[in-house]
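Residue numbers (the numbering used here), protein chains in the order written: chain A, 1 to 600; chain B, 1 to 107.
Quick reminder that beta carbons are idealized off the backbone N, C-alpha and C, glycines included.
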């Protein structure tokens, strides 16, 4: 099993090293792309084999090597931990990664060769890092991989580095997630200080039982874009669309959810935190869904939608059940990646991100339009498609936990989800014909093929419920309960409303002008900006003053003292030989006098 | 030989002579302005030491002291040669050999 699991990591690692070290290969963009894509495909096949073995009950367990050794004691280990969770997550990661890389070959075909080589190098590194995260045997390795995927995110958001806005977005994503990672790091330190290990399930002493998972959760909020730390994700859309699909929709942002699933024994010991998670998740789901409604940029709609769906997962995990959140993570990865790739196809065809510039795309790019609509239907929760099953499970778990407030918010979000996706589809594909769509051509096969591949799980992954139940050793049988009925009703009414409002090809504003402007002004971003300007900067200036005038002042005073002393002492050095002889004479006399006195 | 030892001046007298010479040399070393005079003062001091060596050798009956004094004289000759050479070079550079003018090492 170790060989199979390691192979999943080794192919992309080899690809990364090859592209990273052999620069002529990297400079030749397309070749680099093929190498990286083939490595991703090999990695996918390896992880399929791994999942197959695990399902047959083989090869579950971990293999580690000591990493940090101090005082003869192993502080942390590096290695791989294979079980149903990591094996299934690996399949998701590598499948989406392989599809996205193949898609990138077509989508980024016109980019400079050197940029393309760099792009695929980072992509290979990302697969290694994400695989290392998923297979991590302890929290420390997870943290290591966590930061590596964060680095890849930064590098890939800044792919269009000639655009200042892309650079700013990359820096913003980096800083916001790093800010949240302070919590994660602090949590790890407290965890090690109190338990002496980085294992998933070491019980933490009661006094720290809430603090440790709460600190870990701060990191999760940053990575998985929970309100109010979600502000980097919409800006991250400055990166190329395939990057958004892989990192900022399917895999990296789900790392936070994965962390909670993995370290659930820690979280389970802190019921107040679980309650807070449910509410934060529900608020995120609702706020992001409302924000998505007013966006005109197709990628921004999808970004807020990702935030919203991550809120669903976090809320579900807070309800005390793991399966719903994890199941939704996997189905969401497939259909959201498909949606992003579909959006990329539309952007590729019209050279614009605005849905109003895509009007009437249905006529020119029918095939990719169908794929996008399938993804949208899966996201909206049309019965039978992937999103329906996992969302239904989440809502039932919340009902089971008696969380009626968050449940209502999630139901509302589900309706809004259906509404904003209908709005996008109606305007972008069936809206008034636009100039952009008039010259649009269908995407090349290198883009359509990966999308078609992704469409299969986006439609069918919902049927994998029993498989996931097997991973958790839980009974699962799907039944259309009242909650499921309500969710379906919410989805259908959202679609109905959307069709009513936009089906007549009107350019109606989705919300009244006042609220719309308020939401578009990004109030939470403004809050953080103000907190930075009025809260953090004065503190930083104060610390800077102390450093400059107190700490440095002390150092300067010491230096100045010695300068002054030297200035005084130099008068002794007259440069005249006879003065020195006199000094020697005095010295000799002093020694003799001392000798006489000592002898007496 | 023994007669001289018995009737001549004693060890104290010789040491006093050497001490006197040494002090005169030191005074000259500290006060003379001319480099050649300073070198002469140094010579006086060296010879005071030689007198000590010879006197002790004589009164202890150990000839090694005289051998040592001979070595010392030979070395002093070399030293004077080098010293005079330096003085000539100083004169060539500065057209003067006043010791108080040589203050390049002032701090």
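At the C-beta level, residue 285 of chain A and residue 311 of chain A come within 9 Å of one another. In the pairwise beta carbon analysis, the segment 433 to 441 of chain A is classified as not touching the segment 510 to 517 of chain A: fewer than three pairs are separated by under 8 Å. Shown here for residue 269 of chain A: same chain residues with a beta carbon closer than 6 Å to its own, the five before and five after excluded, namely 209 in chain order. As the crow flies, the alpha-carbon of residue 403 of chain A is around 15 Å from that of residue 413 of chain A. Any Cβ of chain A closer than 9 Å to the Cβ of residue 29 of chain B would place that residue at the interface, and such an atom is present.
Within chain B, the residues 29, 30 have their CB atoms less than 8 Å from the CB of residue 581 of chain A, given in chain order. Annotation: residue 158 of chain A is outside any alpha helix (DSSP H) and is labelled neither H nor E by DSSP. Residue 107 of chain A and residue 160 of chain A have their C-alpha atoms roughly 14 Å apart.
The beta carbon of residue 20 of chain B sits closer than 6 Å to none of the beta carbons in its chain outside the five residues before and after it. Exclusion of the five residues before and after residue 392 of chain A leaves 484, 487 as the residues of its chain whose Cβ lies within less than 7 Å of its Cβ. A distance below 7 Å between beta-carbons, with the five flanking residues on each side excluded, links residue 42 of chain A to the following residues of its chain, in chain order: 11.
Judged by DSSP in its simplified three-state form, residue 170 of chain A adopts helix. In chain A, no part has a C-beta under 7 Å from the C-beta of residue 62 of chain B; the shortest such distance is about 25 Å.
In the DSSP assignment, residue 77 of chain A falls within the unbroken beta strand (DSSP E) covering 73 to 82. Residue 85 of chain A and residue 467 of chain A have their C-alpha atoms roughly 11 Å apart. Residue 309 of chain A is not a Cβ neighbour of residue 401 of chain A, given a cutoff of 9 Å. At a cut-off of 9 Å, the C-beta of residue 572 of chain A has a neighbouring C-beta in chain B.
Nearest to residue 334 of chain A by C-alpha distance, out of A:158, A:287, A:387, A:323, is A:387. Apart from the 5 residues on each side of it in sequence, residue 218 of chain A sits with its Cβ closer than 6 Å to the Cβ of 180, 183 in its chain, given in chain order. Think of a sphere of 7 Å around the beta carbon of residue 578 of chain A: the chain B residues whose beta carbon falls inside it are 30, 99, in chain order.
Close to residue 587 of chain A, with beta-carbon spacing below 7 Å, lies no residue of chain B; the smallest spacing is near 13 Å. Within the segment 275 to 343 of chain A, the runs of alpha helix (DSSP H) at least 4 residues long that lie entirely inside it are, in chain order, 298 to 318. Close partners of residue 103 of chain B in chain A (Cβ separation under 8 Å): 574, 575, 576. About 7 Å separates the beta carbons of residue 359 of chain A and residue 428 of chain A, which is inside the 8 Å limit, making them a contact pair.
An exposed status is given to residue 517 of chain A, since fewer than 16 other beta-carbon atoms sit within 10 Å of its beta-carbon.
Looking at the DSSP output, residue 69 of chain A shares a beta bridge with A:74.
Considering only B:55, B:49, B:43, the residue with the shortest C-alpha distance to residue 13 of chain B is B:55. Chain A has no Cβ within less than 9 Å of the Cβ of residue 76 of chain B.
Close CB contacts of residue 19 of chain A within its chain, under the 8 Å cut and outside five residues either way in sequence, are with 25, 26, 32, 35, 36, 117, 120, 121, 124 (chain order). Secondary structure of residue 61 of chain A (DSSP, three-state): strand. When only Cα atoms are considered, residue 288 of chain A and residue 306 of chain A end up about 8 Å apart. Between the alpha carbons of residue 298 of chain A and residue 193 of chain A lies a gap of roughly 46 Å.
Between residue 107 of chain B and chain A, the shortest Cβ-Cβ separation is below 9 Å.
Measuring C-alpha to C-alpha distances from residue 14 of chain A to each of A:127, A:69, A:82, A:389 identifies A:127 as the nearest.
Residue 422 of chain A is classed as buried because its beta carbon has at least 16 other beta carbons within 10 Å across all chains shown.
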